[in-house]
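Asker: FYI, the numbering for the sequence shown is 114 to 280, going by my numbering.
The beta-carbon is built from N, C-alpha and C at its ideal position, and this holds for glycine as well.
Source: prediction; values computed, not measured.
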Amino acid sequence: MSNPVTATIPHTAVRRLTLSALVMAVFITDMYLTQSFAFGQYQIRLATALYSLSALFPFLVLPLGISNLVSNMLMGGLGLPDMVGGFVVGLTTSSLAYGVRRLGLPDWCLAMPVIFCPGLLVPLWLSPLIQVPYGWLAVSITIGQIVPGILGIVLVRQLRGKIDWQQ
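(1) Note down the Cα distance separating Leu177 from Pro219, rounded to an integer number of angstroms.
(2) Can you list, in chain order, the residues of its chain whose CB lies under 8 angstroms from that of Val269, leaving out five sequence neighbours each side?
(3) Taking C-beta to C-beta, are Ala160 and Met186 nearer than 9 angstroms?
(4) Beta carbon of Phe229: closer than 8 angstroms to some heavy atom of the ligand GTP?
(5) Does the beta-carbon distance from Leu163 to Leu173 come in below 9 angstroms?
(6) Tell me which same chain residues have a C-beta within less than 7 angstroms of the C-beta of Ile81, skipping the five on either side of it?
(7) Using a Cβ-Cβ cut-off of 8 angstroms (strictly less than) and excluding sequence neighbours within five positions of Val183, which residues of its own chain qualify?
(8) Does the distance from the C-beta atom of Ile188 to that of Ala134 stay below 9 angstroms?
(9) If we count the other Cβ atoms within 10 Å of its Cβ and call it buried at 16 or more, is Tyr211 buried or exposed?
(10) With distances taken from CA atoms, which of Thr131, Gly198, Ser207, Val197 is nearest Gly262?
(11) In the structure shown, what three-state DSSP assignment does Leu191 receive?
(12) Thinking C-beta only, is Leu242 closer than 9 angstroms to Pro194?
(13) Could you check the C-alpha separation between Arg128 and Gly257 for me, to the nearest Å?
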């Protein structure tokens with residue numbers, strides 16, 4: 114006899130939930146392990162490469178936004194503006210990564226939202242919080258996002274067609 118709970122949940126929903134949880138766990142764990150340079154002058158946040166996965170799995174947009182909120186809550190130390198801002202940047206960046214796919218743009222375009230969304234949006238609230246001019250902060254964060262932007266492209270190219278969450 115089948116379990117009535119699992120019988121009513123579509124198989125794809127379970128796969129989406131599982132992949133979402135795994136990506137969130139990887140994002141938060143990566144932020145924890147790399148916080149020594151993820152919160153530094155150039156803020157090289159390797160976890161933000163995961164935003165590119167929304168190009169393959171659009172359902173990851175919300176989990177990635179939540180992951181950024183949680184990592185800023187646990188490790189950021191700058192309070193509510195940083196948590197909410199991180200959530201908005203996570204949603205925006207991963208939504209734009211999905212947009213790259215929807216528009217049929219080449220994979221290298223995935224680096225653009227990963228580099229420029231955090232690079233230009235994060236300083237909007239971070240600048241007044243830490244008393245560093247917007248321009249200086251935008252340049253340093255944008256430079257720090259180049260590596261995650263490239264990693265996001267590599268990640269998508271390596272995973273494309275290898276994970277079938279619809280089966």
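Answerer: Put simply:
(1) 22 angstroms
(2) Ser165, Leu166, Ala168, Leu169, Asp220, Leu223
(3) no
(4) With respect to small molecules bound, the structure shown includes none, and the ligand GTP cannot be examined in it.
(5) yes
(6) An answer regarding residue 81 cannot be provided, because it is not within the stretch 114 to 280 covered by the chain.
(7) Met137, Ile141
(8) It is Met, not Ile, that sits at residue 188 in the sequence shown. The answer is no: Cβ separation not under 9 angstroms.
(9) buried
(10) Ser207
(11) coil
(12) yes
(13) 33 angstroms
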